[in-house]
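A.B. asks: Just so we're aligned, residue 303 is where the sequence shown starts under the working numbering, counting upward by one. No residue lacks a Cβ here, since even glycine has one placed at the ideal position from N, Cα and C. Since this is a predicted model, take the numbers as computed values, not measurements. Mind having a look at this structure? Questions to follow.
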Amino acid sequence: FMNVPGLKIISPTSAADIKGLMKSAIRDGDPVLVFEDTRLWPLKGDVATDPDHLIPIGKADVKREGEHVTVVAIAGAIRPTMEAANYLIEEGISVEVIDPRTLKPLDYEAIKMSIEKTGRLIIVENGHRICNVGSEIAAVMAEESFDLLKRPILRLSAPDIHVPFSPALEKDFFPTRDSIVGAIRQLL
């Protein structure tokens with residue numbers, strides 16, 4: 303849906319984001335799709351009590367400042383990415399984590415500013431690898447920020463097979479803390 307002109311897409315990762323982005327979507331003059339990652343459904347979180355709580359569509363959230371590598375984590379990939387960043391801080395590896403919150407329009411400027419700092423980019427998402435959001439981010443960043451990159455862009459996603467129905471198989475199907483840690487180490 304990202305290639306449909308005039309369409310906006312939000313992908314909230316927290317209860318506060320859902321409220322703020324939904325209120326912005328309702329007030330927006332363009333059609334807005336809401337992409338929900340089912341892996342986020344069981345999570346609980348604070349919701350802003352301010353009735354005017356709005357989150358602008360198209361504005362990413364830097365969840366964690368870092369110096370060594372930028373990780374853009376989409377939707378349900380935010381939790382294992384934060385776990386990986388917390389794990390690596392003990393080794394002195396500083397990971398900047400960006401939650402786009404909006405898939406269209408994407409906040410490419412926030413990603414580019416982070417790459418200027420770190421020189422490295424990993425995109426983590428639960429979608430399949432072929433023609434996913436990460437592909438688009440990688441393409442745009444390669445076109446617009448190639449000279450800033452010290453290493454090739456890495457993408458971490460679900461394999462190009464059907465999602466297993468078995469919970470035991472599904473738990474390792476999507477990127478995990480350990481696979482994200484491995485990708486970060488590979489890039490350093």
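Of the residues Thr-340, His-370, His-355, Leu-342, which one's Cα is nearest the Cα of Met-324?
C.D. replies: Looking at the Cα atoms, His-355 is the closest of the given residues.
A.B. asks: Extract the residue ranges of the alpha helix (DSSP H) inside the stretch 307-341, only unbroken runs of 4 or more that lie entirely within it.
C.D. replies: List check, alpha helix (DSSP H) in window: 317-329.
A.B. asks: Rounded to whole angstroms, what's the CA-CA distance from Asn-510 to Ala-377? Just pull it up for me.
C.D. replies: Residue 510 is absent from the model: the chain starts at 303 and stops at 490.
A.B. asks: So the candidates are Val-426, Ala-470, Arg-422; which of them puts its Cα closest to the Cα of Leu-451?
C.D. replies: It is Arg-422 whose Cα lies nearest to the Cα of Leu-451.
A.B. asks: Under the three-state reduction of DSSP, which class applies to Ala-375: helix, strand or coil?
C.D. replies: Strand at Ala-375.
A.B. asks: Using CA atoms only, rank isn't needed, just tell me which of Lys-361, Ile-357, Ile-312, Ile-391 is closest to His-370.
C.D. replies: Per the Cα distances, Ile-391.
A.B. asks: Mind checking who Arg-479 pairs with in its DSSP beta bridge?
C.D. replies: Paired residue(s): none; Arg-479 is not in a bridge.
A.B. asks: Going by DSSP, what residue range makes up the beta strand (DSSP E) through Val-364?
C.D. replies: First-last of the beta strand (DSSP E) with Val-364: 363-366.
A.B. asks: Thinking C-alpha only, which one of Asp-352, Ile-439, Glu-445 is nearest Lys-321?
C.D. replies: Cα-wise, what sits closest to Lys-321 is Asp-352.
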